[in-house]
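Chemist: If you read the sequence shown in our numbering, its first letter stands for residue 4, the second for the next number, and so on.
Let me begin by handing over the structure; questions about it come next.
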Amino acid sequence: MEGATHKEGYFFAQQFSFQGLHSESVCGLKTQANRSNGPEGRSVVRAVFSTYQPGATTEDNQCHDGVDGGPGVTCTVDFYGDYVAIYNIVIENVGGTTWKATAINTSTGKDAHIGTWTLPSSAGGITSKQYGFIEYTPWNSGRHLCDNLPRTAATMYNPSSRTPGAGTGILNPPYEYLDCVKIMRFSTQKVPNGYHIQCGFHSAPSRRSEALMLPDAAEEETV
Numbered sequence: 004m005e006g007a008t009h010k011e012g013y014f015f016a017q018q019f020s021f022q023g024l025h026s027e028s029v030c031g032l033k034t035q036a037n038r039s040n041g042p043e044g045r046s047v048v049r050a051v052f053s054t055y056q057p058g059a060t061t062e063d064n065q066c067h068d069g070v071d072g073g074p075g076v077t078c079t080v081d082f083y084g085d086y087v088a089i090y091n092i093v094i095e096n097v098g099g100t101t102w103k104a105t106a107i108n109t110s111t112g113k114d115a116h117i118g119t120w121t122l123p124s125s126a127g128g129i130t131s132k133q134y135g136f137i138e139y140t141p142w143n144s145g146r147h148l149c150d151n152l153p154r155t156a157a158t159m160y161n162p163s164s165r166t167p168g169a170g171t172g173i174l175n176p177p178y179e180y181l182d183c184v185k186i187m188r189f190s191t192q193k194v195p196n197g198y199h200i201q202c203g204f205h206s207a208p209s210r211r212s213e214a215l216m217l218p219d220a221a222e223e224e225t226v
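Right, dumping it as structure tokens:
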């Protein structure tokens, strides 16, 4: 998320679906305001793991029932994280129709548990195609002006799987849709194994590494 503003608002997301079900699930990272600790505070990342599927359940204390006012389950965790780092969100089956998500900092190897939920018994494995998106969540309600969109930037990478026979994931070229098409300074650039995406009008704070501020542990320090 290098180049993203350190304020609550942006959601860098990847949808995914399950065989035998009609409702989508989603994982991703959200920008958050810095938490006070020193002159500028420490940068915070929120990781999300949700399913819109009716009948989904959870016993994880990092999760709750409901997504965006509808059915499903939402799981989140806030942790101190460097916006320059690359994060993988690993989704794995832990038995039956129960799935767990973990956010992993690829620079340090440290991880943060996001949550666990169980789908209805008709659920199969993860399907091969879905959509990713970048969303500015404050615009989900009320009116807004396109030229007030905060500047953001992120790099999203091809999905991958350790499941035998799943093949190699491909991220198709990003494009604009819905509000403010062609007037929000959207641009995209191909990078190895993914795309760098930019949009909006206001500059983000200069980047600042948090690597030395993280504890020496196998897990990310949660907020």
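For every residue, glycine included, the Cβ atom is placed at its ideal position computed from N, Cα and C.
Where does Asn196 sit, in a helix, a strand or coil, going by DSSP?
Modeler: coil
Chemist: If I follow the unbroken beta strand (DSSP E) through Gly203, where does it start and stop?
Modeler: Neither: Gly203 is in no beta strand (DSSP E) and is coded neither H nor E.
Chemist: Alpha carbon to alpha carbon, how far is Ala88 from Gly58?
Modeler: Using only the alpha carbons, I get a separation of about 35 Å.
Chemist: What are the boundary residues of the beta strand (DSSP E) that Pro74 is part of?
Modeler: Secondary structure note for Pro74: its beta strand (DSSP E) is the uninterrupted segment Gly73 to Tyr83.
Chemist: Suppose the cutoff is 7 Å on Cβ atoms and the five residues either side in sequence are ignored; what does the same chain contact list for Thr34 look like?
Modeler: Met4, Ala7, Thr8, His9, Lys10, Glu11, Gly12 and Tyr13
Chemist: To the nearest angstrom, report how far apart Ala207 and Arg146 are at their CA atoms.
Modeler: With a pLDDT of only 46 at Ala207, under 50, the local geometry of the prediction cannot be trusted, and the value read off the model is given with reservation. One C-alpha to the other measures close to 23 Å.
Chemist: Check this for me: beta carbons of Ser39 and Cys78, under 8 Å apart or not?
Modeler: no
Chemist: To the nearest angstrom, how far is it from the Cα of Cys149 to the Cα of Met187?
Modeler: 6 Å
Chemist: Report buried or exposed for Tyr55, applying the criterion of at least 16 other Cβ atoms within 10 angstroms of its Cβ.
Modeler: buried
Chemist: Assuming Phe19 contacts Gly127 under a Cβ cut-off of 8 Å, what Cβ separation, rounded to an integer in Å, is found between them?
Modeler: Incorrect: roughly 13 Å between the Cβ atoms, too far for contact.
Chemist: From which residue to which residue does the beta strand (DSSP E) around Cys183 run?
Modeler: Segment: none, Cys183 is in no beta strand (DSSP E) and carries neither H nor E.
Chemist: Nearest-angstrom Cα distance between Asn143 and Gly69?
Modeler: Those two C-alpha atoms are separated by around 17 Å.
Chemist: Could you spell out where the beta strand (DSSP E) holding Phe15 opens and where it closes?
Modeler: Tyr13 to Phe19
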